[in-house]
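Be aware that the sequence shown starts at 35, since it is given in our numbering, and climbs by one per residue.
Here's the structure we're looking at; comments come further down.
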Amino acid sequence: MEIVASVTNASKQYKTGDTVITALQPTTCEFKKNELTLIIGPSGSGKTTLLSLLGCVIFPTRGEVTICNQRIDGLKQKELANVRLKNIGFVFQSFNLLAPLNALENVMQPLLLLGISSKEAKQRAEEALRKVNMENRMLNLPKMLSGGQQQRVAIARALVTNPSLMLCDEPTAALDIKSVAVVMEELKVLSTTGKSVAVVTHDLRLKQFADRIIYVNNGVASENPTEEELFH
Ligand SMILES: Nc1ncnc2c1ncn2[C@@H]1O[C@H](COP(=O)(O)OP(=O)(O)OP(=O)(O)O)[C@@H](O)[C@H]1O
């Protein structure tokens, strides 16, 4: 299966004053097309750090990160922003929709940033909203939508640029149990359309949606955790 993103011996240390925190020990893993990967682990274990490396939001202290066959070390901030815009869709816990814009306008934004005409952006945004079954709420402002519906609009916004990699940081943490299932189903369906989807979560109930699990503990990432590790 085609590899969309990989980290190779990548580690991350944060320096604050005299203190150095090793957030991620040297880690090697691959993210493939048509795969939904859960990244699970206790608070402070390094999950978001791993996701941020994949999202080209931070550079590794050592090691390599490759996104769609492009190594990101050495890239300038502008080039990095381009890699993000072209290849990566982000979904956050708090949806991060723009309050004064309706669902359709929110989803159009990444396309307008890419310089696409508003006519084409509108068509593509409508199509993305249809994919997450939100075509009937396109003209609603975020405040008129439930948390689950807002998250589906946020997913449409992430997928409208047709990214190869979707990175989701606790996408279900603010949702009720019914919306959790709807949002995870949407992400699961997306992962079968040629995308690689990575989801950081604390919620072990999401296991049923995963093709594979990366367990992060104390900055060490490992695949195929035992039940004991997951539930300890
Ligand atoms: N910008 C930063 N500066 C300094 N330390 C940081 C920074 N970001 C994260 N850390 C530290 O790195 C470690 C790993 O943090 P990270 O956010 O990756 O964990 P996490 O598993 O995502 O946690 P949570 O589930 O609570 O969000 C923690 O000890 C955290 O305090």
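Glycine included, each C-beta is placed from N, C-alpha and C at the ideal position.
Here the structure is a predicted model, which means the values were calculated and not measured.
Beta-ladder partner(s) of Phe65, from DSSP:
Your numbering for residue 65 matches position 31 in the sequence shown. For Phe65, which the question treats as bridged, DSSP gives the partners Ala39.
Using DSSP's beta-bridge definition, name the partner residues of Leu163.
Within the sequence shown, residue 163 is the residue found at index 129, counting from 1. Paired residue(s): none; Leu163 is not in a bridge.
Mapping the DSSP letters down to three states, classify Glu204 as helix, strand or coil.
Start at 1 with the first residue of the sequence shown, and residue 204 comes out as number 170. In the structure shown, Glu204 sits in coil (DSSP, three-state: anything other than H, G, I, E or B).
Contact under 8 Å by Cβ, Val231 with Gly75:
Here residue 231 refers to the residue found at position 197 when the sequence shown is read from its first residue. Here residue 75 refers to the residue found at position 41 when the sequence shown is read from its first residue. It is not a contact, given that the beta carbons lie outside the stated cut-off.
Flag Tyr48 as yes when its Cβ comes closer than 7 Å to any non-hydrogen atom of ligand 1, and as no otherwise.
Sequence index remark: in the sequence shown, residue 48 carries index 14 (1-based). The beta carbon of Tyr48 sits closer than 7 Å to at least one heavy atom of ligand 1.
Classify Gln184: buried if its beta carbon has 16 or more other beta carbons within 10 angstroms, exposed otherwise.
One-based indexing of the sequence shown puts residue 184 at position 150. Label assigned to Gln184: buried.
So who's on the other strand from Gln47, going by DSSP bridges?
In the sequence shown, the residue the question calls residue 47 occupies position 13. Beta-bridge pairing links Gln47 to Thr56.
Nearest to Val214 by alpha carbon, out of Leu238, Leu193, Ser225?
Start at 1 with the first residue of the sequence shown, and residue 214 comes out as number 180. With distances taken between Cα atoms, Val214 lies closest to Leu238.
Touching or not, the region 197-205 and the region 117-137, by the rule of three or more beta carbon pairs under 8 Å?
In short, these stretches touch, since the Cβ pair count reaches three.
In terms of residue numbering, what span does the beta strand (DSSP E) encompassing Thr260 cover?
Here residue 260 refers to the residue found at position 226 of the sequence shown. Segment: none, Thr260 is in no beta strand (DSSP E) and carries neither H nor E.
With respect to the alpha helix (DSSP H) encompassing Ala115, which residues constitute its N-terminal and C-terminal limits?
Walking along the sequence shown from the start, residue 115 turns up at place 81. Unbroken alpha helix (DSSP H) run through Ala115: 111-121.
Report buried or exposed for Glu154, applying the criterion of at least 16 other Cβ atoms within 10 angstroms of its Cβ.
Within the sequence shown, numbered from 1, the residue matching residue 154 stands at position 120. Per the 10 Å Cβ criterion, exposed.
The region 84-101 / the region 39-46 touching (three or more Cβ pairs under 8 Å)
yes
Out of Val216, Asn136, Leu224, Val54, point me to the one whose CA is closest to Ala192's CA.
As a working mapping, residue 192 is identified with position 158 in the sequence shown. Per the Cα distances, Leu224.
So for Gln104, helix, strand or coil by DSSP?
Residue mapping note: residue 104 aligns to position 70 of the sequence shown, counting from 1. Strand, per DSSP.
Contact defined as beta carbons within less than 8 Å: I believe Thr71 pairs with Ile211. What is the distance between those atoms, to the nearest angstrom?
Locating residue 71 in the sequence shown gives position 37, counting from the first residue. Locating residue 211 in the sequence shown gives position 177, counting from the first residue. Their Cβ separation, rounded to whole angstroms, is 22 Å, which puts Thr71 and Ile211 out of contact at 8 Å.
Give me the Cβ distance between Asn136 and Leu173, rounded to the nearest whole Å; I'm assuming they're in contact under 8 Å.
By 1-based counting over the sequence shown, the position of residue 136 is 102. By 1-based counting over the sequence shown, the position of residue 173 is 139. Distance from Asn136 to Leu173 at the Cβ level is roughly 5 Å; contact confirmed, criterion being Cβ atoms closer than 8 Å.
What is the C-beta distance between Leu109 and Leu148, in whole angstroms, given that I count them as a contact (C-beta under 8 Å)?
The count along the sequence shown starts at 1 and reaches residue 109 at position 75. The count along the sequence shown starts at 1 and reaches residue 148 at position 114. Contact flag wrong, Cβ pair sits at about 18 Å.
When Val234, Arg246, Pro259 are compared against Gly78, the one with the closest alpha-carbon:
As a working note, residue 78 is residue 44 in the sequence shown. Closest option to Gly78, Cα to Cα, is Val234.
Please indicate yes or no: does the CB of Ile247 lie closer than 7 Å to some heavy atom of ligand 1?
Here residue 247 refers to the residue found at position 213 of the sequence shown. Ile247 has its CB no nearer than 7 Å to any heavy atom of ligand 1.
Is Phe129 helix, strand or coil by DSSP?
Taking the sequence shown and counting its residues from 1, one reaches residue 129 at position 95. Coil, per DSSP.
In chain order, what residues of the same chain have a beta carbon less than 8 Å from the beta carbon of Leu179, not counting five sequence neighbours either side?
Working through the sequence shown from its first residue, we reach residue 179 at position 145. Around Leu179: Ala137, Arg171, Val187.
Is Gly182 helix, strand or coil by DSSP?
In the sequence shown, the residue the question calls residue 182 occupies position 148. It is helical.
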